[in-house]
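Those letters in the sequence shown? Residues 4 to 272, by the working numbering.
In what follows, a single structure is set out as structure tokens and then discussed.
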Amino acid sequence: MLLRLVTAVLLLVLSASAAQAALSVPPPPLRRVNDYAGALSPAARERLEQKLAARERESRNQVVVAIFPALAGESLEDYSIRLAQAWRIGQKGLDNGVIFLVFLEDRKMRVEVGYGLEATLTDAISASIIRDVVAPRFREGRMADGIVAGLDAIDQAIAGTYRGAVARAPSGGGMSLPLLALLVGAAVAGLSGAAMAMNARAHRRMGWTGGRRGWGSPVTGPGRRAGGGMWPWFGGGFGGGGFGGGDSGGGGFSGGGGGFGGGGASGSW
4 MLLRLVTAVL
14 LLVLSASAAQ
24 AALSVPPPPL
34 RRVNDYAGAL
44 SPAARERLEQ
54 KLAARERESR
64 NQVVVAIFPA
74 LAGESLEDYS
84 IRLAQAWRIG
94 QKGLDNGVIF
104 LVFLEDRKMR
114 VEVGYGLEAT
124 LTDAISASII
134 RDVVAPRFRE
144 GRMADGIVAG
154 LDAIDQAIAG
164 TYRGAVARAP
174 SGGGMSLPLL
184 ALLVGAAVAG
194 LSGAAMAMNA
204 RAHRRMGWTG
214 GRRGWGSPVT
224 GPGRRAGGGM
234 WPWFGGGFGG
244 GGFGGGDSGG
254 GGFSGGGGGF
264 GGGGASGSW
């Protein structure tokens, strides 16, 4: 009896310790630039804050930066969606929020994209921004420059003007891969259909009748790709759902209840 009691107490203590060890989500922010790691100078933080505020007035999209010391063993994607659910960046009904998270010790970052911006700030473009725009500057120790460049690229993506690696048209006069794949698929479908027609005529000449049994299904051209984004190894599968309204108050900044579903991308430097 005593042994069972001691075991139960130990399990309770261990469970409480594990819960405390999990990285907690800060309260909804009063500012757009939230540097919990002291990575930016006060002047740099203020410049970024003013930049994001001006862009929000122009576009109504809400973009927030959050810099943390470390993930403390947490999954980057799990923590990011928890934070998105708690902060509710973006406006209810528009779901036009973006959260740019950075974890210094882990050298990891993520762009978390609200539902309403996923069509333009896609998983693939988010990955390109991290890989091609932000990471090179972070590797050089240019934290503020990397964040500014990343935010500029996010704005360009939302506006449809981003020209990163995944968005560039093929150079030269060559045929694009999607068009080539379409033509090859059409050719294969046509050849298969012709072969089936020839076989059918031959069978009729030989007196074969009796439907399509044993012939398999007709050729219908290239099949549809099942679900998911163009780059399945990036982005979510998380069901963040919609979020309620409410102002976070302070400084004219408020998250109106933007919804997140795990769209975006993660990367490292």
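Ideal Cβ positions, reconstructed from N, Cα and C, are used throughout, including at glycine.
Since the model is a prediction, treat every value here as computed from it, not as a measurement.
Item	Value
Leaving out five residues on either side along the sequence, give the residues of the same chain with a beta carbon under 8 Å from the beta carbon of R228.	Reliability fails at R228, whose pLDDT of 29 lies under 50, so the model's placement of it is uncertain and the value that follows must be treated cautiously. Result list for R228: empty, nothing under 8 Å.
Let's test the definition: count the other Cβ atoms within 10 Å of the Cβ of G164 and tell me whether it reaches 16, buried, or not, exposed.	First, the residue type needs correcting, since residue 164 is Thr and not Gly in the sequence shown. T164 is exposed by the Cβ-count criterion.
Q94: buried (16+ other C-beta within 10 angstroms of its C-beta) or exposed?	buried
Taking the alpha helix (DSSP H) that E80 falls in, what are its first and last residues?	79 to 90
From A25, Q53, P45, pick the residue whose C-alpha is nearest to that of L154; which is it?	Q53
Pull up the distance between the alpha-carbon of P30 and that of Y82, whole angstroms please.	14 Å
Where does the unbroken beta strand (DSSP E) through E115 begin, and where does it stop?	111 to 117
Alpha carbon to alpha carbon, how far is A268 from R113?	6 Å
Which residue's Cα is closest to the Cα of G260: G270, W90, L86?	W90
When you compare only the Cα positions, how much space is there between L124 and V137?	15 Å
Who are V101's beta bridge partners in DSSP?	V66, V116
Is it buried or exposed, Y118, if we count other Cβ atoms within 10 angstroms and call 16 or more buried?	buried
Mind checking whether D109 and A69 have CB atoms under 8 Å apart?	no
Using DSSP with H/G/I as helix, E/B as strand and the rest coil, what is G261?	coil
Among A25, L120, L51, I132, which residue has its Cα nearest to the Cα of A156?	I132
Identify, in the order they occur along the chain, each residue of the same chain with its Cβ nearer than 8 Å to the Cβ of F71, setting aside the five sequence neighbours on each side.	L26, Y39, A40, L104, V105, F106, L107
So, for I92: in the same chain, excluding its five sequence neighbours on each side, which residues have a beta-carbon less than 6 Å away from its beta-carbon?	Q65, V67, G100, I102, G258, G261
Would A147 and L55 be called neighbours here (beta carbons separated by less than 8 Å)?	no
Below 8 Å between beta carbons: does that hold for G266 and R134?	no
Starting from V36, trace the alpha helix (DSSP H) in both directions and tell me its first and last residue.	No alpha helix (DSSP H) holds V36; the beta strand (DSSP E) holding it covers 36 to 38.
Per DSSP, which one or two residues make a beta bridge with F106?	F71, K111
Spatial neighbours of E121 within its chain, please: CB distance less than 6 Å, with the 5 preceding and 5 following residues excluded, ordered by chain position.	G266
According to DSSP, simplified to helix, strand and coil, what is G266?	strand
Put S316 into one of helix, strand or coil per three-state DSSP.	Because residue 316 is not part of the residues shown, which for the chain are 4 to 272, the question remains open.
Quick one: what's got a C-beta closer than 6 Å to G111's C-beta in the same chain, skipping five residues either side?	Correcting the residue identity first, residue 111 is Lys in this sequence and not Gly. Taken in chain order, the residues that qualify are L79, S271.
Just to confirm the assignment, what range does the alpha helix (DSSP H) spanning V151 have?	146 to 162
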